[in-house]
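Its first residue numbered -7, the sequence shown is counted upward by one per residue in this note's numbering. Note that CB positions come from ideal geometry on N, CA and C, so glycine has one too. Remember, it's a predicted structure, so these values are computed and weren't measured experimentally.
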Amino acid sequence: MQTEQGISNCPQCAHQIRVDRRYVIWCDKCDWNVHPTGTDDQPLPAWRQRLEHKLADTLYRELEHGATHRPGWDAARIGAYLMSAVVLLVPVLSLLAGIALVVFYRPLWLSILLSLIPFGVAVLLRPRAYHLSSDAHIVERAQAPTLFALLDEIAAAIGTKPIVAVAVNAIPNVFFARVGWRFQPVLGLGLPLWESLRPQERVAILAHELGHGKNGDARHGWVVGTADSVLCELQATFSEEPYDQYRQDLIYARDGDTSVSLVGKLLDVTLGNAVRGYAWLLNKVDLRSSQRAEYLADRRAAEIAGSDATARALERTLLAEASYRALERAVRFEKDVAPLEAVRRAVTEVPAREIERHARVSRIRDTRVDSTHPPTYLRTKLIRARPSQHALVVLGTDQSRAIDRELAPAAEAVLKELRAQF
Ligand SMILES: [Zn+2]
Ligand SMILES: [Zn+2]
């Protein structure tokens, strides 16, 4: 008879392994099958892997030795700002060029016609405010007094502005954003992650996100993100690919005249390459700055929620994808279990060995792919390496349940949409 639990041997190194058929079977000695579906669809080139491993390592050591104190104005961040400012000049200069044309160039009908080009470029490349996605359900202060009291307490402890609204959705993440042209601080709560956290772990995750707010990471993200979208737009304009089919047709129509294709190639090789190189460099510089920002937000979280809860909360985030799958399964197939209860159960039942497997996957994968965040195992290691901190803000079980009740209407709306989707 086959049982769910048992002992087997590793097919790779013959080491004895514990088998729990509800989870992936893997070897703790040689990491056999630690990530059965593979770590990445497209493995990165070796030089890039080496670069990112080295980056992760030097940054970790810098923070471990306490060399970074002030968040914000490190060389990488200033570099990313300057590079972005240069890019953001493109729409500004286009606008000025358009105005100059209309004012100084005559005849007027021709100058208006010509100015449409720079004005068009300015409109196409204009900076845009960040908006929440349409599936986010907004919870205001009056609807969730306990949650906002907690958020205010954390914000006051960190020394940052209070959160204006909370957006509930179904993504396996919790995030901080500045929304609209008034840059209002908004907290995004993804149910699969939020529901899987124990009370003090919730404080840690919230403190981490508000720490991003205090450290100016959302503003930085907006500036670099806007510059990045301008570069994307320029890349699409100068690269050959998007108009290839159109060009081919044109060539047919002109019976072998390849001048259009040549111009395209020339633009791609010159301007296209310049834009791609610039975007690559901006990305690399920003990578450094955003990884440092994560460590510093973790440090804030440990000060507010305590080191222990913060390290455990980060380990929980490793299970966020699994939580999302549990939610999806419950919504689709399990009619007699409340989906959020299914999420909580799926996560609290996970044995330590399975969490360890996720940590090992993150060690392999996050150093490579998840480049904006340092690998989780380094983040927890850094928190545990520093002198342990006691919590400044404590969330009790009753308060945590009260928050769940306050979020219930928004959560129900999110689940309803999720059901409609499947
Ligand atoms: Zn093995
Ligand atoms: Zn973060």
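query, result
"Does the stretch 184 to 197 come into contact with the stretch 205 to 225, if we say contact requires no fewer than three beta-carbon pairs (one atom in each stretch) closer than 8 Å?", "no"
"With the cut-off set at 8 Å, would you say proline 177 and isoleucine 155 are in Cβ contact?", "yes"
"Just to confirm, does proline 289 get its C-beta within under 7 Å of one of the non-hydrogen atoms of ligand 2?", "Note on identity: in this sequence residue 289 is alanine, with proline being the wrong assignment. Because some heavy atom of ligand 2 lies under 7 Å away, the Cβ of alanine 289 counts as near it: yes."
"Compute the beta-carbon to beta-carbon distance between arginine 292 and lysine 206, rounded to the nearest angstrom, for a pair I have assumed lies under 8 Å.", "7 Å"
"Would you please state the rounded distance, in angstroms, between the beta carbons of serine 188 and arginine 40? I believe it to be under 8 Å.", "Not confirmed; about 32 Å, so no contact."
"Over the uninterrupted alpha helix (DSSP H) stretch that includes histidine 57, give me the two end residues.", "Unbroken run through histidine 57: none, as it is neither H nor E."
"Is the stretch 378 to 386 touching the stretch 296 to 312, taking contact as three or more C-beta pairs under 8 Å?", "yes"
"Count the other CB atoms, across all protein chains shown, that sit within 10 Å of the CB of phenylalanine 230; report buried if there are 16 or more and exposed otherwise.", "buried"
"Using the three-state DSSP reduction, which class does phenylalanine 175 fall into: helix, strand or coil?", "coil"
"Suppose the cutoff is 7 Å on Cβ atoms and the five residues either side in sequence are ignored; what does the same chain contact list for glutamate 56 look like?", "Leu374 and Ala377"
"Closer than 7 Å by C-beta to valine 26: which residues in its own chain qualify, once you throw out the five before and the five after it? Chain order, please.", "Trp18, Arg349, Arg352 and Val353"
"Return the chain-ordered list of same chain residues with a C-beta closer than 6 Å to the C-beta of arginine 336, the five sequence neighbours on each side being excluded.", "Glu187"
"Hey, could you find the ends of the beta strand (DSSP E) asparagine 161 is sitting in?", "157 to 161"
"Hey, could you find the ends of the alpha helix (DSSP H) valine 406 is sitting in?", "389 to 413"
"Determine, using beta carbons only, whether leucine 143 and leucine 198 come nearer to each other than 8 Å.", "yes"
"What does the alpha-carbon distance come out to for the pair serine 282 and asparagine 1?", "42 Å"
"Under the DSSP definition of a beta bridge, which residues are partnered with arginine 170?", "Pro177"
"Once DSSP output is grouped into helix, strand and coil, what is the label at glycine 182?", "strand"
"In the DSSP assignment, what residue or residues form a beta bridge with glycine -2?", "Val11"
"Could you tell me which residues DSSP pairs with isoleucine 130 in its beta bridges?", "Ala159"
"Count the other CB atoms within 10 Å of the CB of valine 267; is the residue buried (16 or more) or exposed (fewer)?", "buried"
"Would alanine 338 pass as a contact of alanine 318 if the rule is Cβ separation under 8 Å?", "yes"
"Could you check which residue in Pro367, Leu399 and Ala219 has the C-alpha nearest to that of lysine 46?", "Pro367"
"Over the uninterrupted alpha helix (DSSP H) stretch that includes tryptophan 214, give me the two end residues.", "209 to 230"
"Check whether the Cβ of cysteine 5 sits closer than 7 Å to any heavy atom of ligand 1, and report yes or no.", "yes"
"Specify the secondary structure class of leucine 124 as computed by DSSP and reduced to three states.", "coil"
"Just verifying my parser: in three-state terms, what is the DSSP assignment at aspartate 362?", "With a pLDDT of 46 at aspartate 362, under the threshold of 50, the modelled position of this residue cannot be trusted; read the value that follows with caution. Looking at aspartate 362 - three-state DSSP - the assignment turns out to be coil, as it is neither helix nor strand."
"Could you work out which residue in Leu226, Ala314 and Cys22 is closest to alanine 162 when comparing CA atoms only?", "Ala314"
"On the three-pair Cβ rule with 8 Å, is the stretch 110 to 127 touching the stretch 218 to 225?", "yes"
"Please confirm whether glutamate 286 and arginine 371 have their CB atoms less than 8 Å apart.", "yes"
"Expressed to the nearest angstrom, what Euclidean distance is found between the alpha-carbon atoms of proline 28 and arginine 345?", "16 Å"
"Could you give the first and the last residue of the continuous alpha helix (DSSP H) run that contains valine 94?", "67 to 96"
"Quick check for students: name the residue ranges of the beta strand (DSSP E) that lie wholly in the stretch 326 to 386, counting only runs of 3 or more.", "none"
"Helix, strand or coil: how does DSSP classify isoleucine 150 here?", "helix"
"Express the C-alpha separation of proline 99 and alanine 157 in angstroms, rounding to a whole number.", "52 Å"
"Is glutamate 193 near ligand 2 - that is, is its Cβ less than 7 Å away from at least one heavy atom of it?", "no"
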